[in-house]
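Structure first, then comments.
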Amino acid sequence: MAYNQVTLAQLRAQLQRRYDAVPFWGTGEANVVINEALRVYNLLTGFWKRRVLIATTANTVFYALPSTLIFNVRTEFNQVALEQSSISDLNNGRVNWRAETTASGGTVPTSVKMWAPVGLMRIAIWPAHAAGGGTLIVDGVRQTPILTADADFVDLGQVELDALLGYALHVLAFKLGGTLFQATLPLYQAFIEACGDQNIRLKSSTWYRRAMGIDLQRKQHPVRVIPPPQPQLQAAGGVPSR
Amino acid sequence: MQEHLLETNDLGASWPSGLWTVQEAIDAINDAQYRFLLDTLLLITPTTLVTVPNILRHALPTDWIATYDAQWHAADGTYHELAKSDGFEADNSSINDWPIELGSPILYTEGEVPTLTIQVMPASLDAGVIELLYVALSTTLSNSGVNFTVPDEFVPALKWGALGMLLEKVGRGQDQERAAYCKMRYTEGVAAAQIMFDGWA
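These protein sequences, in sequence, are chains A and B. Just so we're aligned: 468 in this note's numbering is position 182 of the first sequence, and the numbers increase by one with no gaps anywhere. Just so we're aligned: 550 in this note's numbering is position 17 of the second sequence, and the numbers increase by one with no gaps anywhere.
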């Protein structure tokens, strides 16, 4: 599906067509929920990404990511991809990894080989770059583009657009409560499903199954256990007994 | 939050319905952020605790919430992990004389000691330090324009968490059904953080 540039004014107009013209919701509120929809979509899918360059400093293990990145997805060192690890794996695999640099010698590589996330906004590399002056190329999820002026725009396909507007309408309906709010829950589920289509890992999470009500259906339709066939006693000559 | 609860939107300056106060709303948002940081271990801060030889217990940073990783950085420059443990395990291990014998620490505990205190077992005999990765308390939010500590993408989860607390309040404003929904939306943010750490598809 082709992506179109959609402005805040266009998004708001499409949203406002979905609720009663009597102003129970103001323009400002519509703008807020549209931006919330964009943020949650980016949170669940990592839709918007960017690349940043970080210069290495001598013997430094930990590097802070710029605030424009939410999370790191992939890292290169001097244009060579690094293998992703974790603090736990590094602790278990190489006890003294924090002290090792590219100049340590022995079994320590002479180039940076691995990276590990340290929370969202920091990474660790192994081994540390002894000389410094190298370049870490970090690909990650960037901050969501927030629309403030009517002419601000985002690139969205029609599928994403429908899901986002449905989410926005659902959030607007929260203040109504009761059956009116309950009636918009399918819009939220459609939004979550659209996020799951973008991020397959979301679909395998327990939270997704609960949010979509999949676990509930399993409880309502218990699996019927078919008992195994009982062995039959037979009289001499092979004739089954009655 | 005000718009969701049918209050006049004045950027949190007042809650004219009288069902909640300004401070309750601010406290709910702060509590949501603290809890979120603890549930997700989202933002990790490195620090060095300078230890004193022959001393078992050392002060943790005053903004400490939880420990993510602890390493012993010995005086000779080498590192090794301090495993999270407790007194019972240490008493029944090969270092069961840890209260009186010095050595290179291999275990740590925060559970049997006063608050904001970490205990290493055994106590060190040299001028090594504890290199700590921990979750720090977030900046206290208020109505005076303080930014959230977590990235903006997680702020909706905090909003829903705070709304859930307000809607659970016993009184005229209680709405358990919507409070349960808000809790579900809060766990959405927690699940998203966990998926991020597990890696994208």
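Glycine included, each C-beta is placed from N, C-alpha and C at the ideal position.
query: How is residue 705 (chain B) classed by DSSP in three states: helix, strand or coil?
result: Coil.
For residue 610 (chain B), the nearest candidate out of A:331, A:467, A:387, A:306 (CA to CA): A:387
- prompt: Does any C-beta atom of chain A lie closer than 7 Å to the C-beta of residue 596 (chain B)?
  reply: no
message: Please classify residue 621 (chain B) as buried or exposed, where buried requires at least 16 other C-beta atoms within 10 Å of its C-beta.
response: Exposed, by the Cβ-count rule.
message: Just to confirm my understanding: we take residue 404 (chain A), look at its own chain, exclude 5 residues before and 5 after, and list those with CB closer than 7 Å. What are they?
response: Hits under 7 Å: 348, 373, 410.
Chain B within 7 Å of residue 460 (chain A), Cβ atoms only: yes
query: So what does DSSP say about residue 469 (chain A), is it helix, strand or coil?
result: coil
- request: Return helix, strand or coil for residue 399 (chain A), following the three-state DSSP convention.
  value: coil
field: Continuous beta strand (DSSP E) stretch holding residue 664 (chain B): start and end
entry: 662-669
field: Nearest neighbour of residue 365 (chain A), chosen from A:330, A:423, A:485, A:452 [CA to CA]
entry: A:423
Between the CA atoms of residue 368 (chain A) and residue 480 (chain A) - distance to the nearest angstrom: 31 Å
query: According to the Cβ coordinates, are residue 660 (chain B) and residue 588 (chain B) closer than 7 Å?
result: The answer is no: Cβ separation not under 7 Å.
field: Segment limits, beta strand (DSSP E) that includes residue 441 (chain A)
entry: 439-442
query: In this structure, does DSSP put residue 392 (chain A) in helix, strand or coil?
result: coil
- prompt: Are the beta-carbon atoms belonging to residue 473 (chain A) and residue 443 (chain A) less than 7 Å from one another?
  reply: Not a contact, by the Cβ cut-off of 7 Å.
query: What are the residues of the stretch 297-308 of chain A that lie near chain B, defined by any Cβ-Cβ distance shorter than 9 Å?
result: Per Cβ criterion, the list is empty.
task: List the residues of chain B that residue 407 (chain A) touches, going by C-beta distances under 9 Å, in chain order.
output: 575, 576, 577, 684
query: Apart from the five residues on each side of it in sequence, which residues of its chain come closer than 6 Å, Cβ to Cβ, to residue 805 (chain B)?
result: Nothing in the structure corresponds to residue 805 (chain B), since chain B is present only between 534 and 734.
- request: Would you be able to state if there are at least three C-beta pairs under 8 Å between the stretch 627-638 of chain B and the stretch 563-573 of chain B?
  value: no
message: 7 Å is my cut-off, CB to CB: does residue 610 (chain B) come that close to chain A?
response: yes
message: Report the start-end ranges of each beta strand (DSSP E) in the stretch 614-701 of chain B that is 3 residues or longer and not cut off at the edges.
response: For the stretch 614-701 of chain B, the full-length beta strand (DSSP E) segments reaching 3 residues or more read 640-642, 650-654, 662-669 along the chain.
Bridge-paired residues (DSSP) for residue 579 (chain B): B:666
- prompt: residue 720 (chain B) touches chain A at which residues, Cβ-Cβ below 7 Å?
  reply: Residues of chain A whose Cβ lies closer than 7 Å to the Cβ of residue 720 (chain B) are, in chain order, 493.
message: Does any residue of chain A have a CB that is nearer than 7 Å to the CB of residue 725 (chain B)?
response: Taking Cβ atoms only, chain A reaches closer than 7 Å to residue 725 (chain B), which makes this a yes.
query: Can you find at least 3 beta carbon pairs, one from the stretch 679-691 of chain B and one from the stretch 717-724 of chain B, that sit closer than 8 Å?
result: yes
query: Is residue 482 (chain A) buried or exposed, if buried means 16 or more other CB atoms sit within 10 Å of its CB?
result: buried
- prompt: Using DSSP with H/G/I as helix, E/B as strand and the rest coil, what is residue 329 (chain A)?
  reply: helix
field: Where residue 426 (chain A) falls: helix, strand or coil (DSSP)
entry: strand
task: Give the single residue among A:407, A:457, A:492 whose Cα lies nearest to the Cα of residue 321 (chain A).
output: A:457
- request: State the Cα-Cα distance for the pair residue 642 (chain B) and residue 664 (chain B), rounded to the nearest angstrom.
  value: 14 Å
Opening and closing residue of the beta strand (DSSP E) in which residue 357 (chain A) lies: Element bounds for residue 357 (chain A): 355-363.
task: Show which residues of chain B have a CB atom less than 7 Å away from the CB atom of residue 339 (chain A).
output: The premise fails here: residue 339 (chain A) is roughly 20 Å from chain B at the closest Cβ pair, so nothing lies under 7 Å.
message: So residue 539 (chain B) contacts chain A; which residues on that side make the cut at Cβ distance below 8 Å?
response: 461
- prompt: Who are the near neighbours of residue 523 (chain A) in its chain, counting only those whose CB is closer than 7 Å to its CB and skipping five residues on each side?
  reply: The pLDDT assigned to residue 523 (chain A) is 44, lower than 50, so where the model puts this residue is not dependable; a value taken from the coordinates is nonetheless given after this. Excluding residues within five positions, none has a Cβ falling inside 7 Å.
- prompt: Counting along the chain, where does the alpha helix (DSSP H) carrying residue 377 (chain A) start and finish?
  reply: 373-379
query: What residues from chain A crowd round residue 689 (chain B), counting only those whose CB sits closer than 7 Å?
result: 322, 325, 326
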